[in-house]
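In what follows, a structure is listed as structure tokens, so that the remarks can point back to it.
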Amino acid sequence: IPVYLIIFIFSLVFQVALAWDAVHNKNTIQVIAFILFNLCCFSYAVFQFKQIAEALISNKSIDRALVWELQKIMIANPVIIGICQLVYFYLGARLYLEFGWRIYKKIGADPDIRNMYRWYQIFLTILKLDIFFFLGFSIQYLVLVLQRGDVEYPLTIVALPLTCLVLVLAVYAASVKHESKPLITLFFVGLAAGVAYFIFKIYRIYDESQRQKYLFVKEFLTFFACVTLILLLLTTVNAAICWYNFDKGLKPHLLKRADEPSQNTEENAGGRTLSLD
């Protein structure tokens, strides 16, 4: 139970960081990702309520009146997150319109450049989600399933920093300042290994010979493993699109605009500037 609660708290902190980053960078793609991530938090809260309730009921030493009181408190999580989701839909729609105009001023009217920039932003957003769900799965797997004597225990620990390093490599390779095809190719190798790893983990979770090991953690691990696998597949497709868009004009376009003096100010007679935003 403490592990589930820690991951849930971490997910809310990550959600706040995701929202702040989206607003700070005026990223419409990340606003959408924030709303989808909140839906995942809602699903996790429902799973959490069910799992913790079953754990409390199965413990005969806990008074039933106390269990009932705890259930009433825990049901508040999915209810509040569900209500907030409706608010986020409205705010997300307003921010989408506002940020869309700002991005138009930044990128320009060229539809090809706008499309390439959109795919690049999607790629960066998915990488952030990859990190969260991979870490969430690995923490649960290390604490709740593996024992220190298991062969997979040190391998999983080593995989944590290596995975983060691979994702940082992807950000560097795909950035508009580098557009490195060799590094993206190396990233594809890491993605293939990640997809194979999570397919194997999902198989192991439902392997009858491993039933006892995953008895009380099957639903949570399945949720994280499936979401991570889907994100890795989406990352692969998106990375391929970004790789295809290398040397198509996005890099010089953005670098040129970054070097240009701001066109959003106008000098008045007194030498001061007035923002046109």
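According to mature numbering (1 follows the signal peptide of the UniProt record, and there is no 0), the sequence shown holds residues -19 to -1, 1 to 258 in order.
All C-beta atoms in this analysis are idealised placements derived from N, C-alpha and C, irrespective of residue type, glycine included.
*asked:* Nearer than 6 Å: is that true of the beta carbon of V4 relative to any heavy atom of the ligand SAM?
replied: This structure simply doesn't include the ligand SAM, nor any ligand for that matter.
*Straight-line Cα distance separating I54 from D44*: Between the C-alpha atoms of D44 and I54 there is a straight-line separation of about 16 Å.
*When the Cα atoms are used, what is the spatial distance from I33 to Y25?*
12 Å
*Thinking C-beta only, is Y195 closer than 7 Å to I186?*
yes
_Simplified DSSP state of L196, which is helix, strand or coil_ = coil
_Cβ-based neighbour list, residue 283, same chain, cut-off 6 Å, excluding 5 preceding and 5 following_ = Any answer about residue 283 is impossible in this case: the structure gives the chain only from -19 up to 258.
*Specify, as a first and last residue, the run of the alpha helix (DSSP H) that Q(-5) falls within.*
-18 to 5
_R129 (DSSP reduced to helix, strand or coil)_ = Of the three classes helix, strand and coil, the one that applies to R129 here is coil, per DSSP.
_Between the CA atoms of I112 and C145 - distance to the nearest angstrom_ = 7 Å
*Over the uninterrupted alpha helix (DSSP H) stretch that includes S24, give me the two end residues.*
9 to 39
_Would the stretch 170 to 177 count as touching the stretch 129 to 139 if we require 3 or more Cβ pairs under 8 Å?_
no
*Please report how far the alpha carbon of F(-10) lies from the alpha carbon of K162, in whole angstroms.*
34 Å
*asked:* What does the alpha-carbon distance come out to for the pair F104 and A36?
replied: 39 Å
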